[in-house]
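Each residue of the sequence shown is one higher than the one before, counting from 342 in my numbering.
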Amino acid sequence: MNTKAATICPINVLVVGGGMISAEVVLPTVFQARRAGLVGEVSVASRRAQTVADLRKLFAGEEFDGWPEDRNADASHPDCYKDALKKFKHPGCVIVATPDHVHTPVILDAIAAGFDVIVQKPLCLRVAEAHRIAAAAAKANRYVYTDYHKRHDKAVRAAKYKYSTGELGEALCGHAWIEERREMPLKIFGRWADRSSSFEYIGCHYVDAFHFITGLRPMRVAAFKQHKFLKSVGNKAWDAVEAVIQWENDAVLYVQTSWVLPDSNPNLTNQGLQLTCTQGEYFANHADRNSNFVTQTGGVQRYNPHFFKPYNDWDDPTKTEWVGYGGDSILQPLHDIARLNVVSDAERRRMIAAFEKTRPLPQQALIGTAVNEAVRLSVTHGSRFVVFDKKMYPKLET
Ligand SMILES: NC(=O)c1ccc[n+]([C@@H]2O[C@H](COP(=O)([O-])OP(=O)(O)OC[C@H]3O[C@@H](n4cnc5c(N)ncnc54)[C@H](O)[C@@H]3O)[C@@H](O)[C@H]2O)c1
342 MNTKAATICP
352 INVLVVGGGM
362 ISAEVVLPTV
372 FQARRAGLVG
382 EVSVASRRAQ
392 TVADLRKLFA
402 GEEFDGWPED
412 RNADASHPDC
422 YKDALKKFKH
432 PGCVIVATPD
442 HVHTPVILDA
452 IAAGFDVIVQ
462 KPLCLRVAEA
472 HRIAAAAAKA
482 NRYVYTDYHK
492 RHDKAVRAAK
502 YKYSTGELGE
512 ALCGHAWIEE
522 RREMPLKIFG
532 RWADRSSSFE
542 YIGCHYVDAF
552 HFITGLRPMR
562 VAAFKQHKFL
572 KSVGNKAWDA
582 VEAVIQWEND
592 AVLYVQTSWV
602 LPDSNPNLTN
612 QGLQLTCTQG
622 EYFANHADRN
632 SNFVTQTGGV
642 QRYNPHFFKP
652 YNDWDDPTKT
662 EWVGYGGDSI
672 LQPLHDIARL
682 NVVSDAERRR
692 MIAAFEKTRP
702 LPQQALIGTA
712 VNEAVRLSVT
722 HGSRFVVFDK
732 KMYPKLET
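Rendered as structure tokens:
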């Protein structure tokens, strides 16, 4: 993607939450976009000073304001981002990368302070919150984009393209799998895994991808969970969660998720999608792209060059260029915001309404949130079917 296109009005960026996705994807993308002139000043607000200190080491040489700093490294400051917001300068975009259950207050505070927002998927965990966010964004004429990066994976875009041309016909059924190594609930998300699940955390990617490809809305959901290995090690998070989703045209998608793959799995995430349609089939392994490595230091690596990987910069091969759909999905909204920042309020409103048709703004991101909420409702009620009302509120089928 050409990051030089919008150099007129660099966007200041405040990243809230300095964990895994910020360190591995968000900040490398933002710093690279700053070098290209798309981004202005960068700030990071997290809960612990230690997190900010770790990021300073990881991104040595990159300037950014950090919140909190100069405090007890491990003390928790959940409201620290509010101080950062007070100092944050327009034109600005707040990138929300907090745990799933901490998205809504940060998004609403960012909108109230007059900023546009990019939020890591899922938008939030409750349909009521998604409507509150949509209403606040509409009232304040702000742009709120959910980072569903699979929409930028060419393997998924290709399915959408062929579906849109009619070559595949109409969706009948399909299955998606997305499963992660056990380090996720045990180490990386040790603090909050039991407040989410493998479905809410990653399964929602494929719910969104199916909605993106077909344009269909979900009608009915039944979900199942298992709690065995994690229970045996005293962890309250569920091992695996599966859902059967029936869509408005009667198509059915089965989504299988877990986060207990062995440590030796050669990639963090196994994932893929199969779709059977009236005129054809789509099948893609989104983890194994047939470009794998085995090295003495790195062991066996199932390598996905499309996600977000370092390459030699074309002009200066001693420098690293990060490329891939993980970053594209942050650059697209930054480019949108750059365009919105140079038009009148009326034109901004018109453009956001147009983006709403083609981007995961709240009306589209609502689908992933609604299915997430339905899955939890079903799992906690003996895997009963859950249906949706017109505003996508889930309720147990009677
Ligand atoms: N786009 C993707 O595909 C993708 C991939 C991974 C994660 N995610 C999403 O990104 C978000 C973060 O995931 P992660 O993997 O980085 O998790 P993480 O646990 O590694 O990081 C979350 C960070 O947020 C901080 N935090 C918690 N409460 C806070 C608060 N009140 N104010 C400021 N910071 C706070 C934590 O201290 C931590 O540093 C989640 O919503 C997750 O679902 C998206």
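Glycine residues also receive a C-beta, built at the ideal position from the N, C-alpha and C atoms.
All values derive from a computational prediction rather than experimental measurement.
For PHE372, there is no enclosing beta strand (DSSP E); the enclosing alpha helix (DSSP H) has its first and last residue at 368-376.
Each residue's CA atom was taken as its position, placing LYS731 and THR659 some 55 angstroms apart. For TYR652, the enclosing beta strand (DSSP E) begins and ends at 650-653. Bounds of the alpha helix (DSSP H) holding PRO446 are 444-453. The C-alpha of TYR486 is placed about 11 angstroms away from the C-alpha of ALA475. Counting only runs that start and end inside the segment 590-625, the beta strand (DSSP E) elements of at least 3 residues fall at 593-602 and 610-618. If you ignore the 5 residues before and after PRO701, its C-beta comes within less than 6 angstroms of the C-beta of THR487 and TYR489, all in its own chain and listed in chain order. Contact check between the segment 618-631 and the segment 569-581: fewer than three CB pairs, one atom from each, fall below 8 angstroms, which does not count as touching.
Between the segment 355-363 and the segment 431-448, the count of C-beta pairs closer than 8 angstroms reaches three or more; the two stretches touch. Excluding the 5 residues flanking it on each side, ASP604 has same chain C-beta neighbours closer than 8 angstroms at ARG522, ARG523 and GLU524, in chain order. GLU365 and VAL393 have their C-alpha atoms some 14 angstroms from each other. Bounds of the alpha helix (DSSP H) holding CYS545 are 545-555.
According to the DSSP assignment, PHE570 belongs to no beta strand (DSSP E) but to the alpha helix (DSSP H) extending over 570-573.
In chain order, VAL468, ALA471, PRO559, PHE729, MET733, TYR734 and PRO735 place their CB closer than 8 angstroms to the CB of ALA711, counting only its own chain and leaving out the 5 sequence neighbours on each side. The C-beta of TYR652 has fewer than 16 other C-beta atoms within 10 Å across all chains shown, which makes the residue exposed.
Excluding the 5 residues flanking it on each side, GLN461 has same chain C-beta neighbours closer than 7 angstroms at ILE362, VAL437, ALA438 and ASP488, in chain order. The alpha-carbon separation between PHE456 and HIS431 amounts to approximately 8 angstroms. Within 7 angstroms of the C-beta of TYR542 there is at least one heavy atom belonging to ligand 1. Between SER539 and VAL593, the C-beta gap is not smaller than 8 angstroms, which leaves the two residues out of contact.
For ARG522, the pairing in a beta bridge is given by DSSP as LEU602.
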